[in-house]
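Number of protein chains: 2
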Amino acid sequence: MNAETKIIYEAKAKVLKALAHPTRLWMAEQLVEGERCVCEFADAIDADFSTISKHLSVLKQAGIVVDDKRGKQVFYRLKVPCILNFMSCIESVIESQVKSQAALLK
Amino acid sequence: MNAETKIIYEAKAKVLKALAHPTRLWMAEQLVEGERCVCEFADAIDADFSTISKHLSVLKQAGIVVDDKRGKQVFYRLKVPCILNFMSCIESVIESQVKSQAALLK
DNA sequence: AGAACATTTGGTTATATTGCCAAGTAAGCA
DNA sequence: TGCTTACTTGGCAATATAACCAAATGTTCT
Chain A
1 MNAETKIIYE AKAKVLKALA HPTRLWMAEQ LVEGERCVCE FADAIDADFS TISKHLSVLK
61 QAGIVVDDKR GKQVFYRLKV PCILNFMSCI ESVIESQVKS QAALLK
Chain B
1 MNAETKIIYE AKAKVLKALA HPTRLWMAEQ LVEGERCVCE FADAIDADFS TISKHLSVLK
61 QAGIVVDDKR GKQVFYRLKV PCILNFMSCI ESVIESQVKS QAALLK
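Chains as they are written, first to last, in this note's numbering: chain A, 1 to 106; chain B, 1 to 106.
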């Protein structure tokens with residue numbers, strides 16, 4: 001792995017890392033259906049407002065979402081909408097794991 | 001977000017987390033082309049043998065790879081081969097970021 | 001059986017992440 | 001202008017991750 005490859009994989013990993021948290025992943029998936037304001041996430045998630053804000057900031061830093069302040073509210077939406085694409089793969093990983101564990105119980 | 005949803009997103013996040021490291025992501029992508037033994041990774045990656053082994057163990061725990069000991073060597077391969085699918089999306093996130101940054105320089 | 005090789009595991013330290021609280025900012029309303 | 005609402009930011013403590021070294025395991029070769 002040369003220096004350039006390393007930089008590329010660090011960049012890719014950073015994007016994945018941003019999504020690799022249950023709350024952030026859930027928020028990203030919600031955004032597939034359209035923009036949401038921070039208050040809507042705050043209603044749905046049992047965590048401090050500041051925690052939610054920080055999670056959104058991680059997604060923003062990673063280039064996954066963009067924010068848009070309108071009046072008192074801040075709306076977030078997906079910058080690159082293809083995130084939905086990989087969830088089916090993640091789900092098949094989990095499914096395959098569940099099957100392996102079930103096989104062990106036999 | 002109810003308790004069940006939370007568990008599902010924790011499981012999904014765990015898979016993403018396993019891939020969210022430059023070395024592990026690179027290894028997973030290498031495996032798209034076919035199985036590799038630990039020694040092959042050790043040749044390509046500038047890190048301790050034990051570090052590489054631990055990374056592979058994280059991928060295994062997450063259900064992304066399976067291992068297969070043959071003689072003295074241990075071969076790893078993808079358990080669920082669709083990982084390639086999401087890299088194009090990650091790449092477009094990065095591309096979009098590069099464009100945003102380029103726009104700022106104008 | 002003992003040496004050599006390939007890999008894993010345990011232990012430690014450095015660093016990063018998470019989540020809460022408290023304080024700060026910015027917009028709209030009284 | 002001051003109050004309230006909607007967030008963001010800073011700071012801190014708890015926990016998780018990462019990398020290395022050293023030691024352990026399992027396999028083949030002599």
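Quick reminder that beta carbons are idealized off the backbone N, C-alpha and C, glycines included.
Here the C-alpha atom of Asp-46/B lies approximately 46 angstroms from the C-alpha atom of Asp-43/A. The residues Val-15, Ala-18, Leu-19, Ala-28, Leu-78, Lys-79, Val-80, Ile-83, in chain order, have a CB closer than 8 angstroms to that of Ile-64/A in the same chain once the five nearest residues on each side in sequence are set aside. Of the candidates Ala-3/B, Ile-8/B, Met-1/B, Asn-2/B, the residue whose Cα lies closest to the Cα of Val-98/A is Ile-8/B. Under the DSSP definition of a beta bridge, Gln-101/A lacks any partner. In the structure shown, the three-state DSSP call for Cys-37/B is strand.
Closer than 8 angstroms at the C-beta level to chain B, one finds these residues of the region 52 to 63 of chain A: Ala-62, Gly-63. Looking at Cys-39/A, Leu-59/A, Ser-96/A, Lys-54/A, the one whose alpha-carbon comes closest to that of Arg-70/A is Cys-39/A.
For Lys-69/B, there is no enclosing alpha helix (DSSP H); the residue is found in the beta strand (DSSP E) stretching over 65 to 70. Around the Cβ of Lys-12/A, a 10 Å sphere holds 16 or more other Cβ atoms; the residue is buried. Against chain A, the CB of Cys-37/B has no partner CB under 7 angstroms away; the residue lies outside that interface. Under a criterion of Cβ atoms nearer than 7 angstroms, no residue of chain B is adjacent to Phe-49/A; the nearest Cβ is some 15 angstroms distant.
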